[in-house]
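Trainee: Residue numbers (the working numbering), protein chains in the order written: chain C, 1 to 430; chain Y, 1001 to 1430.
Can you keep this structure in mind? I'll have questions shortly.
There are 2 protein chains.
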Amino acid sequence: MDVLAEQKSESDIAGVMTALGTRAGDAAGVLANVSPDVKTQALKAMAAAIRARQGDILKANEKDMAAARKKDRPEAFLDRLKLTEERIESMAAGLEAIAGLDDPVGDIIASWERPNGLVIERVRTPLGVIGIIYESRPNVTADAGGLCLKSGNAVILRGGSESQHSAHAIHACLAEGLNAAKLPEAAIQLVPTTDRAAVGEMLKGLNGNIDVIVPRGGRSLVERVQKDARVPVFAHLEGICHVYVHEAADLKMAAEIAVNAKMRRTGICGAAETLLVDAACADTHLKPLVAALLDADCEVRGDSETQAADPRVTPAIEDDWGAEYLDAVISVKVVNGVDAAIAHIARFGSAHTDAIITGDQHAADAFLGKVNSAIVLHNASTQFADGGEFGMGAEIGIATGKMHARGPVGVEQLTSFKYVVRGHGQTRPD
Amino acid sequence: MDVLAEQKSESDIAGVMTALGTRAGDAAGVLANVSPDVKTQALKAMAAAIRARQGDILKANEKDMAAARKKDRPEAFLDRLKLTEERIESMAAGLEAIAGLDDPVGDIIASWERPNGLVIERVRTPLGVIGIIYESRPNVTADAGGLCLKSGNAVILRGGSESQHSAHAIHACLAEGLNAAKLPEAAIQLVPTTDRAAVGEMLKGLNGNIDVIVPRGGRSLVERVQKDARVPVFAHLEGICHVYVHEAADLKMAAEIAVNAKMRRTGICGAAETLLVDAACADTHLKPLVAALLDADCEVRGDSETQAADPRVTPAIEDDWGAEYLDAVISVKVVNGVDAAIAHIARFGSAHTDAIITGDQHAADAFLGKVNSAIVLHNASTQFADGGEFGMGAEIGIATGKMHARGPVGVEQLTSFKYVVRGHGQTRPD
C-alpha cells in the first residue's frame, strides 16, 4: 500500500485534522502523568526499532530520492533528503541520548512559604500538544518525536511531501516504541495527507488542540508560519549574526573566532554574516582579519576601508548588511566604537546571536548588556548557538521571540508550569 | 483645554499610533539599561506627585463621574470609576510598594560552565513595550505604569473613554515622576484618542513595537483582544474556579474554605463558582456545606442530590456548570471520587484556580498533579489567587495561557531573558 493519501477536498482535510487534534489532546492528558521510566522505555524501544527496521527505512528513502531526482532537485536538497546506514544509526543514537536526559516534568522550579503558612511551588508541566511543520530532512521525524515525548507533550508531525515515505517508515518505528511502553499511539502522529491545506488547519490550532507550532525549514516556511499562525510559534526567521572586533581584541583570537564563526558551517543559523572591526584597531587588525577570511576561501564584501585593506575584497552594497548568506560570503565594516557596533546590530541584526572580541571587560559588559539578542557572546564563536553546545542535550530549534522559549529550544523549553499551593485550611482575610 | 482629542480619520489614528509605538520602542531601549536606583527614584516621585495633585485628580474624576451619571451607568460601574482621597492615597502607596520590590532586570536566573570553559548565564531582560488596554478603573493607570517601569518596560496605556479625564490627571503625575528621574516621558504613554480604532492598531502591534498586550477588564474586552491580537496576550478569559471536598475532608475546614472561596469577594476572578462534594462523604458533608453557603446569603443551585439536602437549593441546569457568576451564587454537584472531580474540572473549568479539601495526601497529590490549571490548591481558599498573596508584591493580572506568564503576572513575569556566554577564545570544533 502506498502511504500517499488520496486527494481529499478541503472539508475532508479539516475533518481529518480536527480528529487528529482531538486524539492528540487526549494523548497529551495521558502523557502529562506518565512516569519518567515509561518514557525512557519508549524512547529506547524506538531506537531499537529504528535499528531493526533499517532496511525498510532505506527502501522508503530510496523511493523519495528517486522521485526527487526525477524532479531534478539540486544536490543540496538531495543531500538533506538522503538517509544512509550512518544517518539512521545517528537517529537511533539521538533517541537514546534524549532517553538519557533529565526528565523536566514535575521539576520544582521554585518554592517558597508565605507568612500565613501557605507553601507555594512552581512546578514544570508539559505544554500539551506541539505541532511540528518541517521540510525535507527525514531525521526531524525522530528528533522532534523524541524531544516532545521526553517533555511529556503529544506531537503532530507534518513533514514535507518529498520526504513522506522516509517519514512514514521512521514514524512506524516511533509507534512501535510507544506500543512497547503501552503509551497511546496518538502521542506521536504523522499527518496522513500531503495536502497543503493540512498546514493551514494546524496553524489555526485544531480547535485549541495545538499549544505551540515549531517550524523547521527555510525562510519561506518560517515566514508563512509566523504570519498565519493563530497559536504561539517557537522559531527564528533569520540568523544574521555579527562578530565585533573591539580595539582591545587579541588579533590571533579575533581571526580564529571570525573564521570559525563564518566558515565552520556556513549553512547554519549561528554562522556569522557580518564582521564589524573597530576603527581604533583597523590599522593593525583589519588587513589580517580580512586575509584570514579570504585565505579560508570566504568571499569578502566590504565598505570602502575594507576594500582598501585588500584588493580581493568586493564592494558591499546596502543590502549586504541585512543579508543572511548561509554561504561562504561575509560582509565587513569598520565601526567607530562599541556603541556604533551595538547600533549597527540593532539596525541590521535578527536578535539571534552576536559576539564581541575584546580584552576589555568594560566594553564586553556594555556589549553583552545592550545587544538585545537571544544569545550574546564574549570571546567565543557564534557557532556555539546550539542546544547541544549549551548542554541541553538536544534542541528542536532556536527561537528569537521574547516570550517563553528563547535561544536553543530543548526539553525544558518545551514545558510550561503551574503553581501548586499547599495549605492547612487557610482562608483569605478581607 | 479639554483632554478629549478631536475626532480623527482612521488613517490619522494609524499615524498617531505608529508614532506612539516608535517613541515607545525608543524609550524601551533606554529603560532596559537604566539602573534600579533611577527607576526607584522615578516611582517615588510619581507617588509624591499623586499626593501633591490629589485635588486635580479628584476634579478630573468628578468630570468623568458626572458624564457617567448622565449616561445612567449602573452603581457598580460608578463605584469602579469613582476616586476618593483614600483611593488616591492607595495608588500612591501602591507605587511606593512597587518601588520597594526587587528589581528583576539583570537577575541571573541560571548559570553553568561547559566542559570547554564557556560560562553560560541566563539573564533577565525587559520584554520591551507592553500595551495595556483597560476599562473604567482609573487606578490601573498608576498600577500598570509602575509595574511596567519597574520591570524596565515602556508601556502604552489605553484607558476606557469614560475614565479619560481621571487617567490623564494620573498620567500627568507619572510623567512628573519620569521627569524627576530624567527618564524619557515616552516610557509611559497614554493613548491621546478615545477612538476605538486605536485599540485595533495596538492589537496589530504597531509595526513590531508592542511585545505583549495585557487587557484589564470584562469578558468582552478580553475576548476581543484574544481574538484579534497579533502579538502575545497575558490574560484570562474567565475564572471558573472549583472547590472539591474529598471524602477525607475535615468538615469544618471545608465549610470555612467553601464560604471564603465563594463569598469573600464574589466579583474577583479567583472566586469559586462550583462546589464539588464527593459522594463518599455526601451523607455527612453535603447538608452542612450547603447550609453554610446559604446562611452566608449565597444562592445555591444544585444537582438532584444537593436539592434533596436542603429545600432552599434551586435546580442547576447544564449551563450552571460552566457559568462564571461573579456574584453570590454557586453551583453544587456530587461527584464520585477524585477522578470524577478532575474530569468535571477539565470539562467545565477555565484553567484558572482550583482547590481540593482533604486530609488524604494521596488524593491531594492526584488532584494537584492532574488538574491542569495555572493554580491548584490543597486545603486553602481559591481567593488566594493573587500576586500580592503569592508574595509577588503586585500583579498586573492573572494569566491562564501556557506560555511565558501563567498565574499572577508580577514584575518578574513582565521580563524575558537572554543568554550571556563568556569565553576566552573558544571556537567550535567540527
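Cβ coordinates follow ideal geometry from the N, Cα and C atoms, glycine included.
The structure presented is a predicted model; accordingly, all values stated were derived computationally and were not measured.
Straight-line CA distance for Y:Lys1370 to C:Val420?
Mentor: For Y:Lys1370 and C:Val420, the distance between alpha carbons rounds to 11 Å.
Trainee: Quick check on Y:Thr1284: does DSSP put it in helix, strand or coil?
Mentor: Residue state, collapsed to three classes: helix.
Trainee: Three or more beta-carbon pairs under 8 Å between the stretch 370-390 of chain C and the stretch 335-355 of chain C, yes or no?
Mentor: Contact holds: three or more Cβ-Cβ distances are below 8 Å.
Trainee: Anyone know if the C-beta pair for Y:Ser1331 and Y:Arg1301 falls short of 7 Å?
Mentor: Against a cut-off of 7 Å, the Cβ pair of Y:Arg1301 and Y:Ser1331 comes out as a contact.
Trainee: Say whether chain C places a C-beta atom closer than 7 Å to the C-beta of Y:Leu1118.
Mentor: Taking Cβ atoms only, chain C reaches closer than 7 Å to Y:Leu1118, which makes this a yes.
Trainee: At what residues does the beta strand (DSSP E) containing C:Phe367 begin and finish?
Mentor: Taken as a continuous stretch (DSSP letters only), C:Phe367 belongs to no beta strand (DSSP E), being part of the alpha helix (DSSP H) at Gln361 to Lys370.
Trainee: Helix, strand or coil for Y:Ile1130 per DSSP?
Mentor: Strand.
Trainee: Using a C-beta to C-beta distance shorter than 9 Å, which residues of chain D count as neighbours of Y:Ser1331?
Mentor: Of the protein chains in this structure, namely C and Y, none is chain D.
Trainee: Would you identify the three-state DSSP class for C:Glu273, choosing helix, strand or coil?
Mentor: The answer is strand: DSSP assigns C:Glu273 an E or B state.
Trainee: Assuming Y:Glu1238 is part of the alpha helix (DSSP H), what are its boundary residues?
Mentor: Note, Y:Glu1238: premise wrong, no alpha helix (DSSP H); not H, not E.
Trainee: Taking Cβ-Cβ distances shorter than 7 Å, what residues in chain Y pair up with C:His424?
Mentor: What C:His424 touches in chain Y: Asn1379.
Trainee: Quick one: is C:Pro232 near chain Y, going by C-beta distance under 7 Å?
Mentor: Chain Y contact via Cβ: present.
Trainee: Considering only C-alpha positions, which residue in the set Y:Thr1358, Y:Met1403 and Y:Ser1416 is nearest to C:Lys469?
Mentor: The first residue shown for chain C is 1 and the last is 430, placing residue 469 of chain C beyond what the model contains.
Trainee: Along the alpha helix (DSSP H) that carries Y:Thr1040, what are the first and last residues, could you check?
Mentor: Note, Y:Thr1040: alpha helix (DSSP H), Pro1036 to Ala1052.
Trainee: Does Y:Val1105 have its Cβ less than 7 Å from a Cβ in chain C?
Mentor: No, Y:Val1105 lies away from the interface with chain C (no Cβ there is under 7 Å from its Cβ).
Trainee: So is Y:His1404 in contact with chain C if we call contact Cβ pairs under 7 Å?
Mentor: So yes, Y:His1404 belongs to the interface.
Trainee: Check distances from the C-beta atoms of the stretch 24-35 of chain C to those of chain Y and list, in chain order, the residues that come in under 8 Å.
Mentor: So the close ones are Gly29, Ala32 and Asn33.
Trainee: Give me the subset of the stretch 242-255 of chain C whose CB atoms are less than 8 Å from a CB atom of chain Y, sorted by chain position.
Mentor: Listed by position along the chain: Asp250 and Met253.
Trainee: Residues of chain C with CB under 8 Å from Y:Gln1383, in chain order?
Mentor: The contacting residues are Thr427 and Arg428.
Trainee: Is C:Asp195 buried or exposed, if buried means 16 or more other CB atoms sit within 10 Å of its CB?
Mentor: It is buried - the Cβ of C:Asp195 has at least 16 other Cβ atoms within 10 Å.
Trainee: From C:Thr382 to C:Leu127, what does the alpha carbon distance come to, in whole angstroms?
Mentor: Looking at the two C-alpha atoms, the distance is approximately 30 Å.
Trainee: Could you pull out every unbroken beta strand (DSSP E) segment of at least 3 residues lying fully inside the stretch 189-252 of chain C, listed in chain order?
Mentor: For the stretch 189-252 of chain C, whole beta strand (DSSP E) runs of length 3 or above, ordered along the chain, are 212-216 and 241-245.
Trainee: Are the C-beta atoms of Y:Lys1039 and some chain C residue less than 7 Å apart?
Mentor: It does not; no Cβ of chain C falls within 7 Å.
Trainee: Nearest chain C C-beta to Y:Ser1416 closer than 7 Å, yes or no?
Mentor: Answer yes: the Cβ-Cβ gap between Y:Ser1416 and chain C drops below 7 Å somewhere.
Trainee: Let me make sure I understand the geometry here. Which of Y:Cys1241, Y:Asp1072 and Y:Val1231 has the alpha-carbon closest to that of Y:Leu1276?
Mentor: Among Y:Cys1241, Y:Asp1072 and Y:Val1231, the Cα nearest to that of Y:Leu1276 is on Y:Cys1241.
Trainee: Please check if any C-beta of chain Y sits within less than 7 Å of the C-beta of C:Ala374.
Mentor: So, interface residue.
Trainee: Go through the stretch 301-339 of chain C residue by residue and report every complete run of the beta strand (DSSP E) that reaches 3 residues or more, in order.
Mentor: With a minimum length of 3 residues, the continuous beta strand (DSSP E) runs that stay inside the stretch 301-339 of chain C are 329-335.
Trainee: Could you tell me which residues DSSP puts in a beta bridge with C:Asn399?
Mentor: Looking at the sequence shown, residue 399 of chain C is not Asn but Ala. Paired residues: C:Gly407.
Trainee: Which same chain residues, not among the five before or five after C:Phe390, have their C-beta less than 6 Å away from its C-beta?
Mentor: If we look at C:Phe390 and ignore the five residues flanking it on each side, its Cβ neighbours are Pro408.
Trainee: Taking Cβ positions only, does Y:Arg1158 come closer than 7 Å to chain C?
Mentor: Judged by the 7 Å Cβ criterion, Y:Arg1158 is not in contact with chain C.
Trainee: Assuming C:Thr415 contacts C:Arg216 under a Cβ cut-off of 8 Å, what Cβ separation, rounded to an integer in Å, is found between them?
Mentor: C:Thr415 to C:Arg216, Cβ: 19 Å. No contact.
Trainee: Does the beta carbon of Y:Asp1211 come closer than 7 Å to any beta carbon on chain C?
Mentor: So, interface residue.
Trainee: What do you reckon, are the CB atoms on C:Glu412 and C:Pro104 nearer than 7 Å?
Mentor: It is a contact, given that the beta carbons lie within the stated cut-off.
Trainee: Is DSSP giving Y:Phe1417 helix, strand or coil here?
Mentor: It is a strand residue.
Trainee: Applying a beta-carbon distance threshold of less than 9 Å, which residues of chain C neighbour Y:Glu1299?
Mentor: By Cβ distance, chain C contributes nothing, its closest Cβ being about 20 Å from Y:Glu1299, past 9 Å.
Trainee: When you compare the CB positions of Y:Asp1303 and Y:Ala1316, do they come within less than 7 Å of one another, or not?
Mentor: Cβ atoms of Y:Asp1303 and Y:Ala1316: closer than 7 Å.
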